[in-house]
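Novice:
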Amino acid sequence: MTLQHTDEKMQQSALPPSKRFSLRNVLTTSLYALGAGLAASLMTVVLMGVLRLAAGIPTPVELFGDFVLKHISVDTFLRLLITFGPNAKSTPLAFTLLAMIGLGTLLGLLYAVLARVQWPVAGYRPSRRELLVASLLALAMTVAGILLFWDEIRQNFLGLPIGWATILTALALLADFSLYGLTLCLCFRALLPQQLRPGASLVAQGRRQLLSRAGVAALTVGATGGTLGLIRGYLDRFTTYDGSVTNAHNGFTAPITPNSEHYVVTQNPVDPNVIANVWRLEVTGMVGSAGSYTYEDLQNLPSTSRAITLECIANGSNAGGRLISTAVWQGVTLRTLLARHGGAQASATYVAFYSVDGYSVSLPLAEILAADALLAWRMNGAELPQRHGFPVRVLIPGRFGEENPKWLTRVELTDHFVGGLYSDQGWYNGPLHTMNRIDRPRGKLALAKPVEIGGFAFAGNRGIQKVEVSVDAVSYTHLTLPTILLV
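In structure tokens, the structure reads:
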């Protein structure tokens, strides 16, 4: 029995280390792979955040969000809006970020299977096979990202033109996933048990192993802190419905809304912060001659000022009728701009407006020219505020605010309809509806005393022909309209 037992031990010791206790080795290797995947994912998130804040490059999380939004219906969008309430943009973004980190962690297992690393390993330098697998994994993720988000990668939140923005975002995806692959490769190798070096003691070997694993842990903790810091920065700059309570002047709505009180609706968790020196406005497509303008060039064009009212399509009972505001806008008309480029070609039937954040709108050209659309760079006598679309936004009288894009970067004439978030979700695409709102009286009223009634009616560029008031729904009193020309 003793001889047999000794022989079995000798046979076991002759096996390669990676073959002993195979189930335990598989579980141990899996834990190492998951740990390396987590560290690599968090490091990648930090790089994504840095590129977003420093260079205006959208993160894969935002690209995925934009991609999903274009493929859901209006009803689904509204359900999500109701479910998440005031956090309707930040919460899905956070869930997507966590899902991305989780996927990156699990990809560590795929890397371990493909790399086929036998441990204990000799040193911390990855083999050629490990580097090749990491490189192919990064390349595959980059190609998949570019193909999946091709319509989304044209955006840049600092205002780079669409062509340059597309190239920069594609390169950023390559950098993100290359960092992921390299970090995954190095961390996995650092976590694996090391062979005993010739002449080294077990104590020294154990110390080196402890330091390498502690380094991976420190990297993970540091990346986690960086990720949380970036998320906090995003939330600090979070924008949503605001500026919607504009009751001033003793309870009556002011004819012209101050910039600070003008309602704001945006698709972005963090809005663009356009740098005028890098921004360009491109005029392209089916025009006589294409061209582009700097911010200074644009301001030198013939301009006009006009009071125009914007209304969100969600304005109504849920928003309290407060998502509507009026400002005096200054800019160049679309007709004047196109005339500088030889006008529209005979077959041009649509005009598409593209924003630096990837938002786009396509509308019938004849209708938009008839409405005398304006490309504005000033608002109520001041430079167009960043949150309202600096450096230039579109104003189309008679159309809901969602069809008046901010942060404009390209005007393109086409012979076909070009999709966008608003149309792809299936929102109403047509002239805005006639609406009215009563601002006063509110609350309890004293009997047998005069009552002041105040509010407004709005019908876009169709105008309001008359306003009548009734206290019994039988007889109506015709009111004299104020001479305020709003469109």
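In the numbering used here, the protein residues as written are 5 to 491.
Just so it is clear, CB atoms sit at the ideal spot from N, CA and C, and this is done for glycine as well.
None of these values were measured; they are calculated from a predicted model.
1. So Ile1 packs on Leu338, CB below 8 Å; how close in whole Å?
2. Candidates Asn384, Ile442, Phe357 and Asp476: which alpha carbon is nearest Val422's?
3. May I have the straight-line CA-CA distance separating Glu315 from Leu327, to the nearest angstrom?
4. Terminal residues of the continuous alpha helix (DSSP H) containing Ile166?
5. Mark Phe25 as exposed unless 16 or more other C-beta atoms lie within 10 angstroms of its C-beta, in which case mark it buried.
6. Can we say the segment 343-356 touches the segment 281-294, given the rule of at least three CB pairs closer than 8 Å?
7. Can you name, in chain order, every residue of its own chain whose Cβ lies under 6 Å from the Cβ of Thr109, other than the five neighbours on each side?
8. May I ask you to list the residues that DSSP assigns as paired with Ala492?
9. Counting only the same chain and skipping the five closest in sequence on each side, list residues whose C-beta sits under 8 Å from that of Phe335.
10. May I have the straight-line CA-CA distance separating Ala174 from Asp275, to the nearest angstrom?
11. Quick one: complete alpha helix (DSSP H) runs, 4+ long, within the segment 313-388?
12. Out of Leu107, Val455, Leu85 and Pro389, point me to the one whose CA is closest to His266's CA.
13. Once DSSP output is grouped into helix, strand and coil, what is the label at Asn440?
14. Using the three-state DSSP reduction, which class does Tyr128 fall into: helix, strand or coil?
15. For Phe88, does the three-state DSSP call read helix, strand or coil?
16. Whose C-beta lies closer than 6 Å to the C-beta of Ala461 among residues of the same chain, with five residues either side of it excluded?
17. Please name the residue in Val49, Leu143, Leu55 and Met145 whose C-alpha comes closest to that of Ala98.
18. Is the beta carbon of Glu134 closer than 8 Å to that of Ala144?
19. Within the same chain, show all residues whose beta-carbon is closer than 6 Å to that of Arg284, passing over the 5 residues directly before and after it, in chain order.
20. Check the C-beta distance from Gly424 over to Val365 and give it rounded, since I have them as a contact under 8 Å.
21. Return the bridge partner residues of His482 from the DSSP annotation.
22. Look at the alpha carbon of Leu84 and the alpha carbon of Val78, and state the distance between them as a whole number of angstroms.
23. Output the distance between the C-alpha atoms of Val332 and Thr170, rounded to the nearest integer angstrom.
24. Taking 8 Å as the threshold (C-beta atoms), are Gly402 and Pro435 in contact?
25. At the level of alpha carbons, what is the spacing between Gln429 and Leu67?
26. Could you have a look at Ser427 and say whether DSSP puts it in helix, strand or coil?
27. Closest to Gln303 by CA distance: which of Phe394, Thr353 and Thr270 is it?
28. Between Thr62 and Pro124, is the Cβ-Cβ spacing less than 8 Å?
29. What is the residue span of the alpha helix (DSSP H) that Ala461 lies within?
30. Ends of the beta strand (DSSP E) at Tyr297?
31. Which of helix, strand or coil does DSSP assign to Pro64?
32. According to the Cβ coordinates, are Leu162 and Gly60 closer than 8 Å?
33. Which same chain residues end up closer than 7 Å to Asn433 when comparing Cβ atoms and leaving out the 5 residues on each side of it in sequence?
34. Check whether the Cβ atoms of Ala138 and Cys191 sit closer than 8 Å, and answer yes or no.
35. Out of Trp431, Leu412, Asn384 and Ala386, state which residue places its alpha-carbon closest to the alpha-carbon of Phe404.
36. Please classify Asp419 as buried or exposed, where buried requires at least 16 other C-beta atoms within 10 Å of its C-beta.
Specialist: This is what the structure gives:
1. No answer is possible for residue 1: it lies beyond the span of the chain, which begins at 5 and ends at 491.
2. Phe357
3. 6 Å
4. Ile166 to Leu195
5. With a pLDDT of 49 at Phe25, under the threshold of 50, the modelled position of this residue cannot be trusted; read the value that follows with caution. Result: exposed.
6. Touching, per the Cβ criterion.
7. Leu38, Gly41, Leu42 and Ser45
8. An answer regarding residue 492 cannot be provided, because it is not within the stretch 5 to 491 covered by the chain.
9. The amino acid at residue 335 is misidentified as Phe; the sequence shows Gly. Residues of the same chain with a CB within less than 8 Å of the CB of Gly335, apart from the 5 flanking positions on each side, are Ser307, Thr308, Leu378, Leu379, Ala380, Trp381, Arg382, Val396 and Leu399 in chain order.
10. For Ala174 and Asp275, the distance between alpha carbons rounds to 21 Å.
11. 338-343 and 369-374
12. Pro389
13. strand
14. coil
15. helix
16. Asn440, Ile468 and Val471
17. Closest by alpha carbon: Val49.
18. no
19. Pro165 and Ser296
20. 5 Å
21. Glu472
22. Straight-line Cα distance between these residues: approximately 10 Å.
23. 34 Å
24. In this structure, the beta-carbon distance from Pro435 to Gly402 falls below 8 Å.
25. CA-to-CA, the gap between Gln429 and Leu67 works out to about 17 Å.
26. helix
27. Phe394
28. In the sequence as displayed, the identity of residue 62 is Pro instead of Thr. No.
29. Unbroken run through Ala461 is the beta strand (DSSP E), Gly458 to Phe462; no alpha helix (DSSP H).
30. Gly295 to Tyr297
31. helix
32. In this structure, Leu162 places its C-beta atom within 8 Å of the C-beta atom of Gly60.
33. Ser427.
34. Inclusion of Ala138 and Cys191 in the CB contact set at 8 Å is not warranted, their separation being larger than that value.
35. Checked all of Trp431, Leu412, Asn384 and Ala386; the closest Cα to Phe404 is Trp431.
36. exposed
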